[in-house]
Ligand SMILES: *Cc1c(COP(=O)(O)O)cnc(C)c1O
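Structure (structure tokens):
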């Protein structure tokens, strides 16, 4: 008996599914240095261009001088400091909910919320394209776990008929690999009609969506009765790190009591919360970032359609180009990189088999000239690929 890791790795390579980590040798932004090569990148989730913002960096520096570096303990012991508390209040204000609870990562916020709310004898229903952290949370909870068809309220309704115990319906707000929006008004109606709770993970909606960056819930004008459990992450448009769950007093107090990934971990560095407080202010007030992003999204979609690329149903900064075959997606990504452009190929199991894609993301830090360069590179690479003999 032994672990045959070499065989597993070889099989993954043979399927064109082998993963490698590009080494970033610069701050995040449109112009990066990766593995020693300067590149124009369209693959980070820093949608508003705040990850390397001088004011956010300054808030971090000042925060470290005042509060030190380490969180030092878990929130329930002595790790819950002033900046964490102030950030929770600011996030509650952003979301229009009574309370918000800060988590160390989005993955942990999702594990914590789902496992604290449902367990054996309960039901958790998830969109089949939900983020891995939500699917893992559902499985870990011990509740009856079922997936409904992507963004399909009718499919959800059928499963709700058979649900037992406390029932939690869980969906991404903006689907992270597709860029489309959950049909929240319809999902909320179904859930409410059956006495279920709707939980939305809006990792990619906070910042770009909503008049003040309040995400998909602000976009659709929904309230806490429609969406009792609202999750956001801070590593995307906020440009920092961490996550939060927003909701009622009772929800947040329950998470403090029962969410193990909240209780049994060290709080994030307080200076990080200082940085996020600053980026939150920029996210809410600098509307030009959202407006510029929308201009770039329109420009990209128009240009890509002229080239004949297969886009997805998205008006968010996530603009995937559907390819299908994983090998072809990797080849295109390599060809773009040879031209100085970085766009990630996304392959199974991150996306369903046969739906490999190039995941283009646009940010407020990009210029129209840079999007034009991307479009020209895509046109050339697609033309070159279709003239090459096909790949296995
Ligand atoms: C990125 C992401 C997460 C995980 O958040 P982290 O803070 O990076 O752990 C959770 N849900 C969705 C939809 C995401 O895109």
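In my numbering, the protein residues as written are 135 to 526.
Cβ atoms here follow ideal geometry from the backbone N, Cα and C, with glycine treated the same way.
Assigned exposure category for residue i - 16 Cβ within 10 Å defines buried
| i | result |
| --- | --- |
| residue 423 | buried |
| residue 212 | exposed |
| residue 210 | exposed |
| residue 517 | exposed |
| residue 396 | buried |
| residue 357 | exposed |
| residue 341 | buried |
| residue 501 | exposed |
| residue 292 | exposed |
| residue 144 | exposed |
| residue 315 | buried |
| residue 157 | exposed |
| residue 409 | buried |
| residue 288 | exposed |
| residue 339 | buried |
| residue 295 | exposed |
| residue 436 | exposed |
| residue 189 | exposed |
The alpha helix (DSSP H) enclosing residue i, as first and last residue numbers
| i | result |
| --- | --- |
| residue 212 | No alpha helix (DSSP H) holds residue 212; DSSP gives it neither H nor E. |
| residue 313 | No alpha helix (DSSP H) holds residue 313; DSSP gives it neither H nor E. |
| residue 318 | 318-327 |
| residue 287 | 287-295 |
| residue 102 | Not covered by the structure: residue 102. The range shown for the chain is 135 to 526. |
CA-to-CA distance, residue j to residue i, given in whole angstroms
| i | j | result |
| --- | --- | --- |
| residue 355 | residue 317 | 13 Å |
| residue 498 | residue 182 | 5 Å |
| residue 205 | residue 236 | 13 Å |
| residue 283 | residue 197 | 45 Å |
| residue 148 | residue 445 | 28 Å |
| residue 465 | residue 479 | 9 Å |
| residue 337 | residue 319 | 18 Å |
| residue 415 | residue 193 | 12 Å |
| residue 154 | residue 306 | 26 Å |
| residue 394 | residue 250 | 8 Å |
| residue 277 | residue 385 | 18 Å |
| residue 438 | residue 511 | 11 Å |
| residue 449 | residue 344 | 13 Å |
| residue 453 | residue 240 | 22 Å |
| residue 405 | residue 419 | 22 Å |
| residue 334 | residue 304 | 6 Å |
| residue 521 | residue 441 | 15 Å |
| residue 160 | residue 185 | 12 Å |
| residue 214 | residue 348 | 25 Å |
| residue 509 | residue 179 | 19 Å |
| residue 195 | residue 375 | 15 Å |
| residue 425 | residue 166 | 24 Å |
Local conformation of residue i per DSSP, three classes
| i | result |
| --- | --- |
| residue 228 | helix |
| residue 282 | strand |
| residue 429 | helix |
| residue 374 | coil |
| residue 391 | helix |
| residue 341 | coil |
| residue 301 | strand |
| residue 381 | strand |
| residue 249 | helix |
| residue 399 | coil |
| residue 333 | strand |
| residue 510 | helix |
| residue 175 | strand |
| residue 143 | helix |
| residue 526 | Model confidence at residue 526 stands at a pLDDT of 44, short of 50, so the residue's coordinates are unreliable; what they give is reported in the following sentence. In this structure, residue 526 counts as coil in the three-state DSSP scheme. |
| residue 405 | helix |
| residue 192 | helix |
| residue 412 | helix |
| residue 419 | helix |
| residue 351 | helix |
| residue 490 | strand |
| residue 165 | strand |
For residue j and residue i, believed in contact at Cβ under 8 Å, the rounded distance
| i | j | result |
| --- | --- | --- |
| residue 150 | residue 460 | 4 Å |
| residue 361 | residue 332 | 5 Å |
| residue 266 | residue 245 | Residue 266 to residue 245, Cβ: 11 Å. No contact. |
| residue 494 | residue 455 | 6 Å |
| residue 229 | residue 364 | 6 Å |
| residue 269 | residue 260 | 6 Å |
| residue 226 | residue 380 | 6 Å |
| residue 382 | residue 232 | 6 Å |
N- and C-terminal bounds of the beta strand (DSSP E) containing residue i
| i | result |
| --- | --- |
| residue 478 | 478-480 |
| residue 454 | 452-458 |
| residue 237 | 233-237 |
| residue 366 | 363-367 |
| residue 485 | Unbroken run through residue 485: none, as it is neither H nor E. |
| residue 270 | Taken as a continuous stretch (DSSP letters only), residue 270 belongs to no beta strand (DSSP E), being part of the alpha helix (DSSP H) at 266-275. |
| residue 122 | Not covered by the structure: residue 122. The range shown for the chain is 135 to 526. |
beta-carbon residue i near ligand 2 non-hydrogen atom, thresh 7 Å
| i | result |
| --- | --- |
| residue 409 | No copy of ligand 2 occurs in the structure displayed; its ligands are ligand 1 alone. |
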